[in-house]
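Numbering (this note's numbering), first residue to last: 9 to 321.
By construction, the Cβ of each residue, glycine as well, lies at the ideal position given by its N, Cα and C atoms.
Quick caveat: nothing in here was measured; it's all calculated off a predicted structure.
Here's the structure, in structure tokens; my notes come after.
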């Protein structure tokens, strides 16, 4: 008899639930309180016998970072408040992610005072090993990002049913986000689907510096079911993103990067009625050739544009 993996289903692990903590989210810009969830030590190939499951750390208001668990995280979620999960792009080390997570949390909370949000920073092994052939390394990271959609989907499946979830992806992190939404919509990623249910959630998504082909949300393309489960998708376009100027060289027949091209009229026509969920904001005048995530969250105008998607209003 074939296993679920052999049949094309990814079976999520049973979470190891520690004794539930009852402390609720109380972070502010001056006293950040958020989670770091990592797949860096987890399996990175569907056929690998490696470890599933995620590592969790909690950043407390006193400045300490404590090891935790998915079970503890889930127990502390307040279903009346939005959950915002950020996913970084390629070539990001753990130390860099820790530093930028702290900065991003403070900026978002500072620019949205009195608006609590439950922040989770999802990190994946995007920083090696390298071949030092840039097009090949970029292509490998893109496929790896897509696979990590399974880990993100499992994390979402452990959140309490009913809490609204905003997913923010930067660069290749947009592929992690759309991969998870594709699985939530009943689609396949790398010829496999997500066997476990992901719960009942409202989803909104924000794509920043999107390092993906500009037609991948079209019918028959990689993420054609992602919009089915998404209330709204905000795309932050930067027509001058220098890092993505070479994106078409990342593999044979690659299209232009969505971040630079935006959604073309013919693609929106193919997407059909679901295209009404897409909002595009051209922030080229604010970013110029910049590509990095801090260039986005440090701009008040960009955070103001993201705010309705993060806070579900």
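Q: Use the C-beta contact count for residue 303: other C-beta atoms within 10 angstroms, 16 or more gives buried, fewer gives exposed.
A: buried
Q: Could you tell me which of 270, 87, 91, 116 sits nearest to residue 306, measuring between CA atoms?
A: 116
Q: Under 8 Å by Cβ, that's how I've got residue 64 and residue 76 pegged, so tell me the actual separation to the nearest angstrom.
A: 4 Å
Q: Compare the C-alpha of residue 172 against each of 239, 135, 118 and name the closest.
A: 239
Q) Based on Cα-Cα distance, which residue from 258, 191, 288 lies nearest to residue 215? A) 288
Q) Taking all protein chains shown into account, do 16 or more other C-beta atoms lie within 10 angstroms of the C-beta of residue 273, making it buried, or fewer, making it exposed? A) exposed
Q. Straight-line CA distance for residue 29 to residue 144?
A. The predicted position of residue 29 is uncertain, since its pLDDT is 46 and thus under 50; no value can be drawn from it.
(Q) Between 36, 82, 196, 267, which has its C-alpha nearest residue 122's C-alpha? (A) 36
Q | Whole-number beta carbon distance between residue 42 and residue 59, since they are thought to touch under 8 Å | A | At roughly 24 Å, the Cβ-Cβ gap does not stay under 8 Å, so residue 59 and residue 42 are not in contact.
**Q.** Nearest-angstrom Cβ-Cβ length linking residue 150 and residue 258, presumed shorter than 8 Å
**A.** 7 Å
Q: Could you name the residues of the same chain whose beta carbon sits closer than 6 Å to that of residue 112, not counting the 5 residues immediately before and after it, in chain order?
A: 305
Q | Residues near residue 127 by beta carbon distance below 6 Å, same chain, minus five either side | A | 42, 92, 113
Q) Thinking C-beta only, is residue 95 closer than 8 Å to residue 184? A) yes
Q.
Since residue 292 and residue 230 should fall inside the 8 Å C-beta cutoff, what is the C-beta to C-beta distance between them, to a whole number of angstroms?
A. About 26 Å separates the two Cβ atoms, so there is no contact after all.
Q | 8 Å Cβ cutoff met for residue 235 and residue 241 | A | yes
Q: List the endpoints of the continuous alpha helix (DSSP H) containing residue 102.
A: 102 to 119
Q. So is the beta-carbon of residue 102 under 7 Å away from any non-hydrogen atom of the ligand HEM?
A. Only the bare structure without any ligand can be found here, which leaves the ligand HEM out of the picture.
Q. Using 8 Å as the Cβ pair cut-off and three pairs as the minimum, do the segment 161 to 175 and the segment 202 to 222 touch?
A. yes
Q) From this set, 167, 281, 256, 262, which residue's C-alpha is nearest residue 79's C-alpha? A) 167
Q | Opposing strand residues paired with residue 267 [DSSP bridges] | A | Paired residue(s): none; residue 267 is not in a bridge.
Q | 6 Å Cβ shell around residue 156 - same chain, five flanking residues per side excluded | A | 47, 132, 184
Q: Between the Cα of residue 137 and those of 129, 130, 147, spot the shortest distance and give me the residue it belongs to.
A: 147
Q) Can residue 213 and residue 189 be called in contact, C-beta distance under 8 Å? A) yes
Q) Pick from 154, 100, 106, 118: whose alpha carbon is nearest that of residue 199? A) 154
Q.
Here's the rule: buried if 16 or more other CB atoms are within 10 angstroms of the residue's CB, otherwise exposed. What is residue 221?
A. buried
Q: Just mark residue 74 as buried or exposed, buried being the case when its beta carbon has 16 or more other beta carbons within 10 Å.
A: exposed
Q. With residue 130 and residue 45 assumed to form a contact (beta carbons below 8 Å), what rounded beta-carbon distance in angstroms separates them?
A. 5 Å
Q: With DSSP as the reference, label residue 44 as helix, strand or coil.
A: strand
Q | Range of the contiguous alpha helix (DSSP H) that encloses residue 147 | A | 142 to 165
Q. Looking only at its own chain, which residues have a Cβ that is under 7 Å from the Cβ of residue 52, when we skip the five neighbours before and after it?
A. 133, 152, 155
Q | Presumed contact (8 Å Cβ cut-off) between residue 265 and residue 218, rounded CB distance | A | 7 Å
Q) Can you tell me where the alpha helix (DSSP H) with residue 273 in it begins and where it stops? A) 273 to 279
Q: Could you round the C-beta distance between residue 256 and residue 262 to whole angstroms and report it? I think they count as a contact, below 8 Å.
A: 5 Å
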